Amino acid sequence: MDVRQPVRAGALLREWRQRRRLSQLDLALLADTSARHLSCVETGRARPSREMVLRLSRALDVPLRDRNTLLLAADYAPAYQESSLDDEAMASIRSALDTMLASHEPYPAVVVDRLWNVLLGNQAMAVLMDGIPQHLLLPQPNVFRLALHPDGLARRLVNLREVRALFLERLHRQVIATGDTHLRALYEEVGQYPVPEDSGAEQAGSAGNAPSPIQVPLRIRTPQGELAMFSTMATFGAPADVTLSELAIEFFYPFDELTANALRTLAARSPSPSAAPTCPDMAASSPLQR
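To convert, take the position in the sequence shown, counting from 1, and add 541; that gives the working numbering.
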């Protein structure tokens, strides 16, 4: 046993084990080690090997960013690099993102990072971004701020209370699962946004739509009428880079034929972009364009 092992590495591993609601025996079985050795690691009485840190991290489904933190806490070098989307090595990833965003037209799609900051979006996102003020776009737009801030999409959501409850529940689950302090700060911020008193009066929709038993759509007031959309999320399989592991693509789909027709009509009126627009500031005429 090596008493020089920093206690912090063991404490972090214990936090992740407790977050996953596993006993020491459960984790030991998953990581092919002994509960006694795991106990010594968690209390700092034993120094885990680099491979053991990675094995425990995999068993605990620890995000790559936090695996690097665990390795550093155990006095090892990080195992995973963190690239920029602009790096040459990420060219194929960027190309794949552009292809997915463009091919999803005329329906909205957006790429976000682990903190739900918007990185990329397609032209169809204009229907969701219409009228969003600059203070919600700079320095970087965030999905939860855009959706729930009273100056953002919230003022156009017919079913704001319903959507707000689901968004906050989603974010809270992510905070619990990751322990991420930045996500917790975001949750506390957006949870304090005021809700208009009359926002619950139109739960069924201004067009008389009954609540769906299978999906809670975004019901949005637009010049084309009340549009309804639901979304799915996609991530990259088997990532070995921190940035890639934290990317997610949210695809929006029409919930009804009225919405599908409206989105197709809007797309037909818009010029076809040569590539999916990037977005750190969303300040140009296209809401997701530099």
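Even glycine gets a Cβ: it sits at the ideal position worked out from N, Cα and C.
Since this is a predicted model, take the numbers as computed values, not measurements.
{"Query": "Does the structure place the stretch 585 to 595 close enough to the stretch 610 to 617 that three or more beta carbon pairs sit under 8 angstroms?", "Result": "yes"}
{"Query": "Assess contact between the stretch 786 to 801 and the stretch 646 to 658, defined as three or more Cβ pairs (one per stretch) separated by less than 8 angstroms. Is contact present?", "Result": "yes"}
{"Query": "How would you call residue 735, buried or exposed, if buried means at least 16 neighbouring beta carbons within 10 angstroms?", "Result": "exposed"}
{"Query": "Count Cβ pairs between the stretch 687 to 705 and the stretch 755 to 769 that sit closer than 8 angstroms; are there 3 or more?", "Result": "yes"}
{"Query": "Give me the Cα-Cα distance between residue 722 and residue 800, rounded to the nearest whole angstrom.", "Result": "38 angstroms"}
{"Query": "Within 10 Å of its beta-carbon, does residue 588 have 16 or more other beta-carbons around it, so buried, or fewer, so exposed?", "Result": "buried"}
{"Query": "Comparing alpha-carbon positions, which option in 555, 606 and 564 lies nearest residue 582?", "Result": "555"}
{"Query": "Around the Cβ of residue 676, are there at least 16 other Cβ atoms within 10 angstroms (buried) or fewer (exposed)?", "Result": "exposed"}
{"Query": "Based on DSSP bridge pairs, tell me the residues matched to residue 795.", "Result": "770"}
{"Query": "Let me make sure I understand the geometry here. Which of 632, 584, 608 and 647 has the alpha-carbon closest to that of residue 783?", "Result": "608"}
{"Query": "Got a sec? Which residues, its chain only, sit under 6 angstroms from residue 650 by beta carbon, not counting five neighbours each side?", "Result": "642, 663 and 792"}
{"Query": "Whole alpha helix (DSSP H) runs in the stretch 546 to 622 with 4 or more residues, listed along the chain?", "Result": "548 to 560, 565 to 571, 576 to 584, 591 to 600 and 605 to 614"}
{"Query": "Count the other C-beta atoms from every protein chain shown that fall within 10 angstroms of the C-beta of residue 691, then say buried if there are 16 or more, exposed otherwise.", "Result": "exposed"}
{"Query": "Roughly how many angstroms separate the alpha carbons of residue 811 and residue 646, rounded to a whole number?", "Result": "11 angstroms"}
{"Query": "If you reduce the DSSP assignment to three classes, tell me which class residue 717 lands in.", "Result": "helix"}
{"Query": "Suppose you measure from the CA of residue 564 to the CA of residue 606; what does that come to, to the nearest Å?", "Result": "24 angstroms"}
{"Query": "Can you name the start and end residues of the alpha helix (DSSP H) that residue 896 belongs to?", "Result": "No information on residue 896 is available, as it lies outside the stretch 542 to 831 that the chain covers here."}
{"Query": "Are residue 897 and residue 770 close, meaning C-beta to C-beta below 8 angstroms?", "Result": "Outside the displayed range of the chain (542 to 831) lies residue 897, so it cannot be described from this structure."}
{"Query": "Who does residue 759 pair with in a DSSP beta bridge?", "Result": "770"}
{"Query": "Using only alpha-carbon positions, find the residue among 603, 622, 712 and 688 that is nearest to residue 701.", "Result": "688"}
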